[in-house]
Structures are given as structure tokens and as C-alpha cells.
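S.K.:
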Amino acid sequence: MSTALQVIDPEGGLPAALVERLDAAAARSASTGRPDETLTAELGQAGLFGVAVPAAYGGFGGDATLVNHVVAEVARVNPSAAIMLFQHYAVSARIDEWGDEAQQARLLPALAKGDLLAASGWSEPGVGAAKKRLNTTAQRLPDGRWRLDGAKSFTTSAGVAGLYLILARTSDSVDESSSGYGSDGQTFFLVPAGDEGLRPDLSLDLIGMRGSATGFVSLHGCVVGDEDRLGPVGEATRIIATVRRTGATLGAVSLGIAAALLDLTVEQIKRRRQPPDGVTCFRLVDLATRIEATRAVIDRAGRRDAADPGLATLHSKLFATETAEQVGVEVARLLGSAGYVVANRINGLMADARAVAHMGPTNDLCRELVSATWLG
Ligand SMILES: Cc1cc2nc3c(=O)[nH]c(=O)nc-3n(C[C@H](O)[C@H](O)[C@H](O)COP(=O)(O)OP(=O)(O)OC[C@H]3O[C@@H](n4cnc5c(N)ncnc54)[C@H](O)[C@@H]3O)c2cc1C
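Just so we're aligned, residue 105 is where the sequence shown starts under my numbering, counting upward by one.
Right, dumping it as C-alpha cells:
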């Protein structure tokens, strides 16, 4: 059985050697704030890049259940690597759904094989989570190509990725009235890292997700062909709207973080000279129960068998992120002073847990999207 197949087996966790490698990389990045230099290449070689790519292009053809499972397993050891993989899977899936045959044949085999890591550059400084009035523009040149100018912030895998899915404004029309993500007149472009006009910048010093290479990406006179446009001109919102119906959820990252927080706490409590008292044991069981409930919600989102799979996906993110944050607060209390030292990994995991709530769609945007479904 290959490494990736072991990951895919719901009974099997990650192979021990990979866990060790992810763990060492997480510990190093926690102090340096930089991504591990070779980790992504190793994850690619282990077969993890191809989870969301169809088998016809050399991937595993995984559905949302599989994506969520792999992401949660990786997050249990290294949440930064998990968000990098999540973005990679998301871009792979968008190319599979919206790319034309030439784009699929050109990109999907490399995305599956591990030769190419994909990132998403949608967010911008000062633009807000709903990304309505983007400053990044894409202008059509007389020869049919496009010129992109602007700046993206909080792009995960900046400088590590080989391909960026960039959201840009291709017309001035902005529909401020509609709730939700994006606006009319926005278009997606697939920009290779080698483009002279694209510059990553890793100067963001984050309190969590410190190995995720989340940084800025600037675009100055970045020229791409029309064959690099993903989906119809001005209709990126159609692509964005389908994303949340896929069942793949960042809540899987939170699930992995919550499980890691509990594992670490149980381990540390077991090492105490005194066995834990009954109250501590009961609290740990309550946390484990909450994590099991989260797993069920994530599984339901992945199966897409709810009456409204989009709502189930949004609920899963809200529930999982809140679980991870609550588990963090509770285990910090249980560990007492021993938990209040920088070297205790629960603190890094708590910061990682906060990040997921801020990632798109942010939790407040999830609430807005859910309430819009009810209230119109
Ligand atoms: C670790 C990490 C990784 C990320 N990776 C990526 C990535 O790979 N690609 C990418 O494109 N983005 C990424 N992001 C960005 C993320 O997707 C968010 O969209 C982005 O950070 C903007 O969200 P915001 O919370 O700053 O939005 P804002 O909309 O500015 O919200 C900030 C706060 O203001 C409140 N608020 C907003 N509007 C109003 C209002 N009208 N009235 C009252 N309150 C309001 C919100 O509730 C929120 O609490 C990442 C973020 C993090 C933290």
C-alpha cells in the first residue's frame, strides 16, 4: 500500500515516518516562523498532493470525505501543512470543475504528482472578508492577453507555491447590495510562480500557522495569456458559490487541532506523579465527546447527503472552529501553570485554532451566508 493509500484508509492514520517529519517541521517553524524548506516536496513525493485530482490525471480522485480526512490527519500533527494542502486541494478541484481540457491536461498531472503546489490569492489589504471591491485589476491587452496589477495579503504558501489562483477585478461594476462572497465583474486567473510580475513577500509575522508561508503576493505588470483565465470573464462569483457546496471544509483543520490538543493534554496529565482526579477525567471525556461530535459534523459535510450540503459545510466550519478554540481554553485550564510556558505546544495549537476562524469564508461571513439562506 502506498503512503497516500494508508492516509486514505479511514482506519489508518499517517505513516509513522511522515508523522515524525511533520512533527519536526512544526516544531522548527514554531520558533523560526518560516516554512520548512523541503517539507512540501516530501509531502508531494508521499502522494499527498493528488488527493483531489481525478484518477485520469494521476490523482486519487478523492471526494470531500477523503479531503477532510487527510486534512484532519495532517492538522493533528502540523496545522500549517494542513492549510497548505487544503488550499492546494481547493485549487485542484476548481481546475477540475471549471478548467477547460487544455488547462486540465497541462496542470492536473503536475498538481497530482507533487511537482506543483497551488495557492489561492483572493484576500487583499483593507478589502474585507467578503471581497466585494477588489483593488487588484486584470486589464485585457490588445493581443488578447491580460495584465494583472495589485496586491494580495494572507496568501498561504506564498513563495512556496508554483501556481497561484488570483481573484481580480475585470470590470468596474460592483454589486454591494448582495450578501455573500465576491461581486460581479471579478475573474480568476492561474498565474505561474515564475511570472516576472508576481512577487511573494513573507514579512507577515503570524502568531499561529507559522510554517504555512502565509504572506503577501504583489502583482505588477503581471502578464498572463487568456488560456490562464479560469472560468468565464466577470463570473468568478459563480465559481465561489459552488465552493461551499463541495463539502470540503476548513473545519477539518480545526478537528485535527482539537484532537491534537486533547492528545497532548492526556499525555501531559499521564506524566504527572499523581493520577488525575475524577473531575479532570470527566472534563477530558467531555472534550473527547465534543471532538467526536465535530467529527460527525465534518463527515456529514463531506458526504454531502444533508438536505442542503452548502449549509452543512458552513455549519461544519463554524462548529469545528469553535470546538477547537474551546478545547484550547479548557485544556489550558486543566494543565495550569505547566501549560503557560512558551515551550508547551498547546499554545501554538491555540493560535493555529484562531487562524482557522479567520480563514475564508471567515466565521462571520459563514454566519451571514447561513442567515441569508433563511432570511433571503
Ligand atoms: C492563517 C491565515 C491564512 C489565510 N490564507 C488565505 C489564503 O490562502 N488565501 C486568501 O485569499 N486569504 C487567506 N486568508 C485571509 C482570510 O481568508 C480572510 O478573508 C481575510 O483575512 C479577511 O478577513 P478579515 O477577518 O480581516 O475581514 P474583515 O471583513 O476586515 O473583518 C474583520 C473584523 O471586522 C468585522 N466586520 C467586518 N465587516 C463589518 C461590518 N460591516 N460591521 C461590523 N463588523 C464588521 C468582522 O466580523 C471581523 O471580526 C488567510 C487568513 C489567515 C489568518
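Even for Gly, the Cβ is constructed at its ideal location relative to N, Cα and C.
Treat the numbers as computed from the prediction; the structure is a model and nothing was measured.
Whose C-beta lies closer than 8 Å to the C-beta of serine 307 among residues of the same chain, with five residues either side of it excluded?
M.R.: Gly319 and Phe320
S.K.: Report the rounded CA-to-CA distance for glycine 329 versus glutamate 434, giving the unit in angstroms.
M.R.: 52 Å
S.K.: Mark tyrosine 444 as exposed unless 16 or more other C-beta atoms lie within 10 angstroms of its C-beta, in which case mark it buried.
M.R.: exposed
S.K.: Taking the straight line between their C-alpha atoms, what separation do you get for serine 106 and leucine 438?
M.R.: Bear in mind that a pLDDT of 46 at serine 106, under 50, signals an unreliable position, so the number given afterwards is only what the model happens to contain. C-alpha separation (whole angstroms): 39 Å.
S.K.: With a CB to CB cut of under 7 Å and the five nearest residues on each side skipped, what residues in its chain are close to serine 133?
M.R.: Pro139, Asp140, Ser184, Arg314 and Gly315
S.K.: Flag this pair as touching only if the segment 385 to 404 and the segment 331 to 342 have three or more C-beta atom pairs under 8 Å; answer yes or no.
M.R.: no
S.K.: Could you give the residue range of the beta strand (DSSP E) that holds glutamine 243?
M.R.: Residues 241 to 244.
S.K.: Counting beta carbon pairs with one atom in the segment 360 to 375 and one in the segment 385 to 393, are three or more of them shorter than 8 Å?
M.R.: Between the segment 385 to 393 and the segment 360 to 375, the count of Cβ pairs shorter than 8 Å is three or higher; the stretches touch.
S.K.: Report all residues from its chain with a CB closer than 6 Å to the CB of proline 379; omit the five preceding and five following residues, and keep chain order.
M.R.: If we look at proline 379 and ignore the five residues flanking it on each side, it has no Cβ neighbours.
S.K.: Quick one: what's tryptophan 250 bridged to in DSSP?
M.R.: Tryptophan 250 is bridged to Arg244 and Val328.
S.K.: Tell me which same chain residues have a C-beta within less than 8 Å of the C-beta of threonine 466, skipping the five on either side of it?
M.R.: Ala233
S.K.: Can you round the beta-carbon distance between alanine 317 and glycine 263 to whole angstroms, since I take them to be within the 8 Å contact cut?
M.R.: 6 Å
S.K.: Taking 7 Å as the cut-off, is the C-beta of aspartate 468 nearer than that to any heavy atom in ligand 1?
M.R.: Indeed, a heavy atom of ligand 1 lies less than 7 Å from the Cβ.
S.K.: Could you name the residues that DSSP lists as bridge partners for lysine 256?
M.R.: Val321
S.K.: Considering only heavy atoms of ligand 1, does any lie closer than 7 Å to the CB of glutamine 430?
M.R.: no
S.K.: Given this structure, state the Cα-to-Cα distance separating aspartate 127 from valine 181, to the nearest angstrom.
M.R.: 6 Å
S.K.: Given a cut-off of 8 Å on the beta-carbon distance, is the pair serine 358 and alanine 428 in contact?
M.R.: yes
S.K.: Across which residues does DSSP place threonine 291 in a beta bridge pair?
M.R.: Paired residues: Ala272.
S.K.: In this structure, how does DSSP classify glutamate 124 when only helix, strand and coil are distinguished?
M.R.: helix
S.K.: Leaving out the 5 sequence neighbours to the left and right, which residues in its chain are closer than 6 Å to leucine 143 when beta-carbon positions are compared?
M.R.: Ala129
S.K.: Would you mind stating whether leucine 365 and glycine 440 have Cβ atoms separated by less than 8 Å?
M.R.: no
S.K.: Here's the rule: buried if 16 or more other CB atoms are within 10 angstroms of the residue's CB, otherwise exposed. What is phenylalanine 153?
M.R.: buried
S.K.: Which residue from Leu334, Arg342 and Asp253 puts its Cα closest to that of alanine 206?
M.R.: Looking from the CA of alanine 206, the closest CA among Leu334, Arg342 and Asp253 belongs to Leu334.
S.K.: Using CA atoms only, rank isn't needed, just tell me which of Arg349, Ser196 and Asn239 is closest to glutamate 228.
M.R.: Asn239
S.K.: In angstroms with no decimal places, state the Cα-to-Cα distance between alanine 223 and phenylalanine 293.
M.R.: 12 Å
S.K.: Given 7 Å as the limit, tell me if leucine 294 has its C-beta closer than that to any heavy atom belonging to ligand 1.
M.R.: no
S.K.: So does alanine 436 have its beta carbon nearer than 7 Å to some heavy atom of ligand 1?
M.R.: no
S.K.: Please name the residue, chosen from Ala416, Arg408, Ile395 and Ala411, that lies closest to glutamate 426 on a Cα-to-Cα basis.
M.R.: Ile395
S.K.: Considering only residues of the same chain and omitting the five flanking positions on each side of glycine 414, which have a CB-CB separation below 7 Å?
M.R.: Arg348 and Arg349
S.K.: Taking 6 Å as the limit between beta carbons, can you name the residues of its chain near glutamine 243, skipping five residues before and five after?
M.R.: Arg251
S.K.: Could you tell me how far apart the beta carbons of valine 302 and leucine 271 are, in whole angstroms, since I believe they sit closer than 8 Å?
M.R.: The sequence as given places leucine at residue 302; valine does not occur at that position. Contact flag wrong, Cβ pair sits at about 14 Å.
S.K.: Rounding to the nearest angstrom, what Cα-Cα distance links alanine 145 and glycine 218 in this structure?
M.R.: 7 Å
S.K.: For valine 327 and phenylalanine 386, I'd like the C-alpha separation in whole angstroms.
M.R.: Put simply, the backbone Cα of valine 327 is about 59 Å away from that of phenylalanine 386.
S.K.: For glutamate 201, does the three-state DSSP call read helix, strand or coil?
M.R.: For glutamate 201, the secondary structure class from DSSP, reduced to helix, strand or coil, is helix.
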